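Respectively, the protein sequence lines represent chains B and G.
Count along the first sequence starting at 1, add 239, and that's the number in our numbering.
Count along the second sequence starting at 1, add 74, and that's the number in our numbering.
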Amino acid sequence: MLETPGSEALRVELSAFTGPLDLLLHLIKEQEMDIYEIRLEKLTEQYLARLDKMREENLAVAGEFLVMAATLIYLKSRTLLPVQDRPPEEVEDEDPKWELIRQLIEYRKFKEAAGQLGDREALHSRIFGRIPERVVVNQAMQGPGQVSMFDLVWAFQKVLRSVEERSKVGKFEDEQFTVGQKIEFLLDRVVPGEEVFFEELFRTVSSRGEVVVTFLALLELIRLRQLSAVQEGPLKPIRIRRTPDGILGVPAEEAPAVEGTGQRSGDSAV
Amino acid sequence: MEWARVLEALLFAATEPMEPSRLATILRDGPEGGQGWPEVKEAEVREELTHLAERLAPRGLILREVAGGFRIGTAPDLSGWVAKLKGVVRPPRLSPPALETMAVIAYRQPISRAEIEAVRGVDCSGTLDTLVERGVIRISGRSDAPGRPILYSTTPLFLEHFGLRDLEELPNSEELRRVKLPAPVDPSGPQQKELLHEAVETSPQS
């Protein structure tokens, strides 16, 4: 009977903190400590107590909280050693506790900035302008209808994830797909004059390796201007179509952000 | 000023913030197949915009300067009424973790995920996806650092969402931009350790 309200409270408790640093700041404030003179022993004890209460929570979050717990315990244990007994590489260094303090101070500044942004957001989200659906065109896009490298990779990752979910554990297969084969498959699959959804091309694919090879084949065909990828707008489904014979489609260049930037300039001067 | 009416109409119909220079150009060029006011200057437009904002103040509309331009909207205290209209959508507010990630990017852009995570101490991939999807940040390039990580920057929609004229209007921008970021977590490499120590030495004591 008592457990149900208890776990409810936990849920609220954890969602109140955005991460271990947030929790630490909260504890420091609660204990009325000066951030430059944190009492590690007290702080560690309080932190671990909170962690105990959080234990049943989401694992991914808990992981980060646990790393911090380990750091705190290490820092605390270190204070127990006399200076001459510390590991040699640390003797001449400053107290590693400063690293944590520095991180906390830094984090606190951004947390405050986030709070101020939140206040602004609260005010401005109450102002309605014309055309409520605000669509911002991804700057990586190369123009209407064109798909950038990032969009393709995004779609590819989605497919990859779904295949991983689909594939059964413990199943081994002799995979013998080549990019060449997949190129033939794709040219077969995408008939001139018709469009195929990006995801559709991966429907029959059964393994991670096959997804990768198929994607490479697709990129190659786009590069060779046999196929082109179109998208009506950001986040809309990507469609693949055959580039009409004799007409060169818009070149499927890499998005500017993908290309190497002018790293080599400068040195040759003088 | 005869063109003040035109200005009002343009702002009302516009679906994005309008820069004074753009408004001035439209006024000078004139309407479709008609005569404009070739002598209109950007400064005059700006002045008229201030007047318009003052005239609107006691009314149901407001004129804001956001994302480098001017935009007409409904008065914030009336949001409860406007929200009752069909088809009017209020952009949802960001969660506290997303706001934190947003703040780090806003002040330190362009910035990689590892650098953001070094500040926040948590995995940020989820909040980054959300922010990209919401259109308030975008991938703006790649860093020259090892692995050439992707860099994120804010978009004009970011300025609009938070009602900012430009990035300079961010509170405490001077101080936060100067803040030295913790080195991103990289399990390998002794040079990383050096960086960390260096940072520790420069820890503020006051």
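C-beta: ideal position from N, C-alpha, C; glycine also.
This structure is a prediction, so every number in the text was calculated from the model and none was measured.
Rounded to whole angstroms, G:PHE86 and G:ASP240 show a C-alpha spacing of 22 Å.
Counting along the chain, the unbroken beta strand (DSSP E) around G:LEU225 starts and ends at 224–228.
G:PHE236 counts as buried, since no fewer than 16 other beta carbons sit within 10 angstroms of its beta carbon. Between G:ARG138 and B:ILE366 a beta carbon distance of about 7 Å is seen, short of the 8 Å cut, so the two are scored as contacting.
Under the three-state reduction of DSSP, B:ARG347 is assigned to helix.
Counting C-beta pairs with one atom in each stretch, the segment 208–220 of chain G and the segment 113–127 of chain G have fewer than three that are closer than 8 Å, which means they do not touch. Each of G:GLU174, G:LEU202, G:THR228, G:ARG145 was checked against the Cα of B:HIS363, and the nearest Cα belongs to G:ARG145.
Setting aside the 5 residues that flank it on each side, G:PRO184 is surrounded in the same chain by SER214, GLY215, LEU225, TYR226, SER227, each with a C-beta closer than 7 Å to its C-beta; the list follows chain order. B:LEU356 is not a Cβ neighbour of G:LEU231, given a cutoff of 8 Å.
Of all residues in the segment 337–356 of chain B, only TRP337, GLU338, ILE340, ARG341, GLN342, ILE344, GLU345, TYR346, LYS348, PHE349, LYS350, ALA352, ALA353, GLN355, LEU356 place a beta-carbon less than 7 Å from a beta-carbon of chain G. Sorting B:ALA361, B:GLY354, B:ARG359, B:LYS350 by C-alpha distance to the C-alpha of G:VAL193 places B:LYS350 at the top. For B:SER467, the pairing in a beta bridge is given by DSSP as B:ARG480. Judged by DSSP in its simplified three-state form, G:GLU191 adopts helix. The DSSP-derived three-state label of G:ARG216 is strand.
Counting only runs that start and end inside the segment 415–445 of chain B, the beta strand (DSSP E) elements of at least 3 residues fall at 434–436. Nearest Cα to G:ARG251 within the set G:GLY142, G:LEU152, G:VAL178: G:VAL178. At a cut-off of 8 Å between beta carbons, B:GLU360 contacts chain G. DSSP places B:ARG317 within a helical segment (H, G or I) once states are collapsed to three.
About 15 Å separates the Cβ atoms of G:LEU135 and G:THR124, ruling out a contact at the 8 Å cut-off.
The C-alpha of B:SER316 lies about 52 Å from the C-alpha of B:SER387. For the C-beta of G:GLU189, not a single chain B residue is nearer than 9 Å; the gap to the nearest is close to 12 Å. For the 8 Å CB-CB criterion, B:ASP390 and B:ILE477 form a contact.
DSSP, read as helix, strand or coil, puts G:SER186 in strand. At a cut-off of 8 Å, the C-beta of G:VAL114 has no neighbouring C-beta in chain B.
In the DSSP assignment, G:GLY147 falls within the unbroken beta strand (DSSP E) covering 143–148.
Between the beta-carbon of G:ARG187 and that of G:PRO223 there is about 7 Å, and that keeps the pair under the 8 Å contact cut. Under DSSP, G:LEU135 forms a beta bridge with G:THR148.
Inclusion of B:PHE304 and B:LEU287 in the CB contact set at 8 Å is not warranted, their separation being larger than that value.
DSSP, reduced to helix, strand and coil, places G:VAL140 within a strand of the structure shown.
In the DSSP annotation of this structure, the continuous segment of the alpha helix (DSSP H) that includes B:GLN285 starts and ends at 279–293.
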